[in-house]
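Student: Residue numbers (the working numbering), protein chains in the order written: chain E, 1 to 467; chain S, 1001 to 1210.
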Amino acid sequence: MSGEHRGVGAARLWRELAQAQDAALAVEEKAAGAPGLAPGNLHRLMARTRPRRRLGRLPFALAMAAGAAALVLVASSATRQRPLSVQLGSSAPRGESLPSLVADARSDLPLQFSDGSTVTFRAGSSGQLEKLNSAGAELVLVRGTLQAHVIHAETTSWILHAGPYRVRVTGTRFGLSWRSERLELSLYEGSVVVDGAVLGAGVPVRAGQRLTVASGVVRIEPLGGAATVALATPGARDGAGRDQRATAATRPLVEPLPPTGAEAPAAATAEERTGDVTPALAPAPEVRPRSAGARGAAHGRSLAARDEQWLVLADRGAYAESLEAAKRLGWTNLCHRLDARRLLMLADVARYAGAPLPAHRAFQALVKRFPDDRLAADAVFSLGRLAFERGRPAEAARWFRRYVSDWPRGPLAEQAAGRLLESTIRLQDPDATHAAARAYLARAPHGAQAALARGVLADAADGSPIP
Amino acid sequence: MDRVLRLVPASPPAEGARDQSDDVRLVAALKAREAGAVEALLRRYGSHLRRVLTRVLGSDDTETPDLLQEVAVIAWQSIGRLSDPLALKAWLTQIAVFTARGLIRRRHRQRWLAFFEEVPERSVPWASPEMQEAARAVYRIFDRMPVDERIPFALRMLEGLELEATAEACGMSLATVRRRLARAERRFHKMARQCDALVPWLDETEREET
């Protein structure tokens, strides 16, 4: 690798950086055992080519002709299932490392697994994807709420941790919440076993049931009815595992209620909305049945169910279907009558379904109808983001500028200032860019866009055009 | 993808005749779907491809192993379109470059929709702290450069490719790559002069301009 033709300004930098990279590669290859081929890569390569029809004979052919070592590789790869992969929001996780998951200030964070399972961290929730293998995944809900839909297979094994509790899953649909030492699990389909802390070796929960554990009290109740099985645990003081010795001796004998049948998912969802765990799903007053007679009530319930279908679908993470269901009710109609929280949800459904125009209309309705609601700030930010995504930097700059001006201490103010800077750069407007850069640095001198802002101002000092 | 699979002219033979015949045999084995051909390909060119990806993305990039697989899969799937076996290395390099370019573009589209917490810097014991700091600064600057400037610039400066080879790897004409390299160099040095970690690495003439 000759260095004479490299840029003269930093020849030493390039030479030594290349040498350092070569050294790192040599170390990694030595550790991997074969140059350029990390252990297991061939397995994955073959696994990826196997589904293609034109390559269908590849594993067989390789197995036939390869040596004994290759045979071992092929045999083990054939018997092993393909590891799950996951897509987070709109992006894929980085390489081998499993990231911390933080749903941003208000948006949900949907995780789509390659087996069709979905786990959606609700806005403001956080957690960790700890393990991912062919049988399932292991996640930690640090705080907040998530909705999960795990696809059942023979070997499915998913585990979710929330505080001291563990939910063992073999294929089901449920909502899980962990907040202020309070565990709540609403099971819509399938069954799970929850163990840990006051639950000891495990309590089975079935479809149509809700398990709550708070202040040492364990409850299992039907999602759709008022009956409650409440079992106090005298020895346990809280759900965090304190006073465990007393808890073990007085572990509650929880007898699960029989499942509520086929209606469980719908009933569960309706009931779920009345709780405070998932306030985003609180029912809007206008969709409740108002008719007096039995027929009227039944008709009202039917209308309400139809009206809320998009919410149920959104809850499952089926955003495209939810969008279609909402459109059938009339998008304009919904934009005119939903409350702020549901409008935000409606807009997010459209955004996740890849429909920017309906999303734009819903966000705009929120801003127009509820200008003083704190959710209007989120909508303004989202409108800026949508405009930027649609290649409209001028419009994006207006929304981001409005956010910074109207909610200077809002949770997204720093991000809005940074995106205002990006929008003005895209606009090729030097004055606005310099103003945005200065404003950003005044607000966040060590922020994520500080280097960009400094670069812009340095370029301005040089008299250079904006990069 | 069409550009990735575009046939490229054969490079002048830089290695010996034995290497050439090895390439001919390897391409024939890949085309015949022979067992062990992919392994042989990676054994022969894995290091080179990994190095190309590292130059473009940096040593810290955790997606390099996945991209290497991606390159191998594309090569396996499209080997039938390689008419000149002696062009194998250049052809693979081009696939690696375009695969990396796709990743960078994807990241540019997604970076401001970040749902992740800040990913901690990986500590790599392969260089002095100053070098590591400089490396991070270089790739931070690269991240702010247009991808079609960044890649030829990285290949030329770090991999030391000649102009013709850089153009070939990037699928650009010689004139285009020359123009982009000049622009990239200006852009890089302008940003590097503002970066404390890089100032000590700049030549005297560069530093005087700050």
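Just so it is clear, CB atoms sit at the ideal spot from N, CA and C, and this is done for glycine as well.
Note that this is a predicted model, so its numbers are computed, not measured.
On the criterion of 16 or more Cβ atoms from any shown chain inside 10 Å, does proline 222/E qualify as buried, or is it exposed?
Tutor: Buried: at least 16 other Cβ atoms inside 10 Å.
Student: Does the stretch 177 to 188 of chain E touch the stretch 157 to 169 of chain E, meaning 3 or more C-beta pairs lie closer than 8 Å?
Tutor: At 8 Å Cβ cutoff, the stretches touch.
Student: Would you say arginine 1025/S faces chain E, with C-beta separation under 8 Å as the test?
Tutor: So, not an interface residue.
Student: Tell me whether alanine 458/E sits in a helix, a strand or coil according to DSSP, three-state version.
Tutor: In the structure shown, alanine 458/E sits in a helix (DSSP, three-state: H, G or I).
Student: For the alpha helix (DSSP H) that contains threonine 433/E, what are its first and last residues?
Tutor: Its alpha helix (DSSP H) spans residues 430 to 443.
Student: Within the same chain, show all residues whose beta-carbon is closer than 7 Å to that of glutamate 1103/S, passing over the 5 residues directly before and after it, in chain order.
Tutor: Here the sequence assigns leucine to residue 1103/S, which means glutamate is not the residue at that position. Answer for leucine 1103/S: Glu1063, Leu1067, listed in chain order.
Student: Evaluate the contact criterion for the stretch 1142 to 1158 of chain S versus the stretch 1168 to 1184 of chain S: three or more CB pairs, one atom per stretch, below 8 Å.
Tutor: Yes: at least three Cβ pairs fall under 8 Å.
Student: Suppose you measure from the CA of alanine 1035/S to the CA of alanine 413/E; what does that come to, to the nearest Å?
Tutor: Looking at the two C-alpha atoms, the distance is approximately 57 Å.
Student: Pull up the distance between the alpha-carbon of arginine 369/E and that of phenylalanine 174/E, whole angstroms please.
Tutor: Answer to the nearest angstrom: the Cα atoms are 33 Å apart.
Student: Quick check on glutamate 1208/S: buried or exposed, where buried means 16 or more other Cβ atoms within 10 Å of its Cβ?
Tutor: Confidence is the limiting factor: at glutamate 1208/S the pLDDT is only 45, short of 50, which leaves the residue's position unreliable and the question unanswerable from this model.
Student: Would you decide whether serine 382/E is buried or exposed? Buried here means 16 or more other CB atoms lie within 10 Å of its CB.
Tutor: Per the 10 Å Cβ criterion, buried.
Student: Alanine 453/E and tyrosine 440/E: beta carbons closer than 8 Å?
Tutor: Yes.
Student: Have a look at Gln1132/S, Arg1136/S, Arg1107/S, Arg1043/S and flag the residue whose alpha-carbon is nearest the alpha-carbon of proline 1146/S.
Tutor: Here the closest residue by C-alpha is Arg1107/S.
Student: Can you find a CB in chain E that lies within less than 8 Å of the CB of serine 1078/S?
Tutor: No, its Cβ sits nowhere closer than 8 Å to a Cβ of chain E.
Student: Quick one: which residues of the stretch 7 to 26 of chain E get their C-beta closer than 8 Å to a C-beta of chain S? List them in chain order.
Tutor: Per Cβ criterion, the list reads Gly7, Val8, Gly9, Ala10, Ala11, Arg12, Leu13, Trp14, Glu16, Leu17, Ala18, Ala20, Gln21, Asp22, Ala23, Ala24, Leu25.
Student: Just list the alpha helix (DSSP H) runs in the stretch 1129 to 1171 of chain S, keeping only unbroken ones of 4 residues or longer that don't cross its boundaries, in chain order.
Tutor: Taking only runs of at least 4 residues, the alpha helix (DSSP H) segments lying wholly in the stretch 1129 to 1171 of chain S are 1129 to 1144, 1147 to 1157, 1163 to 1170.
Student: One question on the structure: do leucine 1092/S and leucine 1026/S come within less than 8 Å of each other, judged by their Cβ atoms?
Tutor: The answer is no: Cβ separation not under 8 Å.
Student: To the nearest angstrom, how far is it from the Cα of threonine 1166/S to the Cα of threonine 1054/S?
Tutor: When rounded, the distance between both Cα atoms is 16 Å.
Student: Between leucine 199/E and valine 217/E, is the Cβ-Cβ spacing less than 8 Å?
Tutor: No, the pair does not count as a contact, with Cβ atoms beyond the cut-off.
Student: Beta-carbon of leucine 1155/S versus every beta-carbon of chain E: anything under 8 Å?
Tutor: No - not a single Cβ of chain E is within 8 Å of the one on leucine 1155/S.
Student: Between serine 1173/S and chain E, is there a C-beta pair that is closer than 8 Å?
Tutor: No, because no Cβ of chain E sits closer than 8 Å to the Cβ of serine 1173/S.
Student: Taking a contact to mean a Cβ-Cβ separation below 8 Å, would you say alanine 377/E touches tryptophan 407/E in this structure?
Tutor: Against a cut-off of 8 Å, the Cβ pair of tryptophan 407/E and alanine 377/E comes out as a contact.
Student: I need the DSSP call for proline 393/E, collapsed to helix, strand or coil.
Tutor: Residue state, collapsed to three classes: helix.
Student: Considering only residues of the same chain and omitting the five flanking positions on each side of alanine 350/E, which have a CB-CB separation below 7 Å?
Tutor: Counting only Cβ-Cβ distances below 7 Å, and skipping sequence neighbours, we find Leu323, Pro358, Ala359, Ala362.
Student: How is alanine 214/E classed by DSSP in three states: helix, strand or coil?
Tutor: Three-state DSSP puts alanine 214/E in a strand.
Student: Got a sec: is the Cβ-Cβ distance from arginine 454/E to anything in chain S below 8 Å?
Tutor: By this cut-off, arginine 454/E is an interface position.
Student: Could you name the residues of the same chain whose beta carbon sits closer than 6 Å to that of alanine 396/E, not counting the 5 residues immediately before and after it, in chain order?
Tutor: The residues are Gly384, Ala387, Phe388, Ser423.
Student: Identify the residues that DSSP records as bridge partners of tyrosine 165/E: which are they?
Tutor: In DSSP, tyrosine 165/E forms a bridge with Ala162/E.
Student: Tell me where the beta strand (DSSP E) around glutamate 1185/S begins and ends.
Tutor: Here glutamate 1185/S belongs to no beta strand (DSSP E); instead the alpha helix (DSSP H) covers 1174 to 1192.
Student: Could you name the residues of chain S that glutamate 29/E contacts, counting a contact when the two beta carbons are closer than 9 Å?
Tutor: Within chain S, the residues near glutamate 29/E are Gly1046, Ser1047, Arg1050.
Student: Count the other CB atoms within 10 Å of the CB of leucine 25/E; is the residue buried (16 or more) or exposed (fewer)?
Tutor: The residue is buried, with at least 16 neighbouring Cβ atoms inside 10 Å.
Student: Return the residue from the list Ala442/E, Ala11/E, Gly190/E, Ala197/E that minimises the CA-CA distance to valine 205/E.
Tutor: For valine 205/E, the nearest C-alpha among the options comes from Gly190/E.
Student: Determine the chain S residues that contact alanine 458/E at a beta-carbon separation under 7 Å, and present them in chain order.
Tutor: Within chain S, the residues near alanine 458/E are Gln1194.
Student: Which bits of chain E does threonine 1176/S rub up against, with CB to CB less than 8 Å?
Tutor: Ordered by position in chain E, no residue passes the 8 Å Cβ test against threonine 1176/S, which lies about 18 Å from the chain.
Student: Name the residue from Glu29/E, Ser85/E, Val86/E, Gln21/E whose alpha carbon lies nearest to the alpha carbon of aspartate 1060/S.
Tutor: When each option's Cα is compared against that of aspartate 1060/S, the closest is Gln21/E.
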